[in-house]
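In this note's numbering, the protein residues as written are 1 to 167. Virtual Cβ for every residue (Gly too), placed ideally from N, Cα, C. Bear in mind the structure is a predicted one, so any value in this text is a computation, not a measurement. Structure first, then comments.
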Amino acid sequence: MPDITLDDLVAIHHIEQLKYAYFRCLDQKRWEEMETLLIPDVEATYSGGTNSFSGRDAVLDFLQRSMGAESFHSAHHCHHPEIRLTSATDATGTWAMEDTVIMLDFDITIRGAGFYEDRYVRQNGRWLIAATGYKRLWEELAPRASTEGLQLTASWWRTDGRSSLAG
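Structure follows, in structure tokens:
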């Protein structure tokens, strides 16, 4: 493995922060902030290519349409980053990802895991996502009604994140 410099470690840290912000914006539906994380001609391929989009507007439109409802709750966690700096302005990354999605309108919960493959570019001193996409290791779907006593006791949108359970 080649020697890693302090500058390399700083760049890798910035790329990690970028990916963490991507998932935070996704789960909190912060579309305007998400826009600042993507280059204008970003490429996205979700679900192993089932959903592919070219350009920031197309990607954001898909995310807003598919995940924007207040009845759609998601939590994405990424870890085990493998970031490779390919030049001073280009990098790639592989991330393990786990997610949970609660779709209240359809009364289902979806859980899964997969790997993201990303490409990053540094523009004006800032790292941005140039391409992103994931392929599933597995995914499972469960009807919520079949789980006796299951209830959503907090929601970022419906309860301002406050739990209805007594503290």
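Below 8 Å on the Cβ atoms is my guess for residue 114 versus residue 97; work out the distance and round it to an integer in Å.
5 Å
In chain order, what are the residue ranges of uninterrupted alpha helix (DSSP H) at least 4 long that sit wholly in the region 20–80?
DSSP runs (the alpha helix (DSSP H)) wholly in the region 20–80: 31–35 and 56–67.
Taking DSSP's pairing of strands, which residues face residue 138 in a bridge?
Partner(s): 113.
The beta strand (DSSP E) enclosing residue 156, as first and last residue numbers
Element bounds for residue 156: n/a, residue is neither H nor E.
Given a cut-off of 9 Å on the beta-carbon distance, is the pair residue 129 and residue 12 in contact?
Residue 12 sits away from residue 129, with the two beta carbons spaced by 9 Å or more.
Please go through the same chain and pick out, in chain order, the residues whose beta-carbon is closer than 8 Å to the beta-carbon of residue 168, but skip the five residues on each side of it.
Because the chain spans 1 through 167 in this model, residue 168 falls outside it and cannot be assessed.
Tell me residue 93's beta-bridge partners as DSSP assigns them.
83 and 118
Taking C-alpha atoms, which residue in 116, 45, 99 and 25 lies nearest to residue 36?
25
Can you confirm whether the region 41–55 touches the region 130–138 when touching is taken to mean that 3 or more C-beta pairs between the two stretches lie within less than 8 Å?
Touching, yes.
Identify whether residue 150 lies in helix, strand or coil by the three-state DSSP scheme.
The answer is coil: DSSP assigns residue 150 none of H, G, I, E or B.
Taking DSSP's pairing of strands, which residues face residue 133 in a bridge?
In DSSP, residue 133 forms a bridge with 45.
Buried or exposed: residue 83, going by 16 or more other Cβ atoms within 10 Å of its Cβ?
buried
Less than 8 Å between C-beta atoms, sequence neighbours within five positions excluded: which residues of the same chain meet that for residue 55?
40, 41 and 42
Less than 9 Å between the beta carbons of residue 74 and residue 99, yes or no?
yes
Per DSSP, the bridge partner or partners of residue 100:
75 and 111
Kindly indicate which residue of 3, 14 and 6 has the alpha-carbon position closest to the one of residue 93.
Closest by alpha carbon: 14.
When the Cα atoms are used, what is the spatial distance from residue 4 to residue 10?
10 Å
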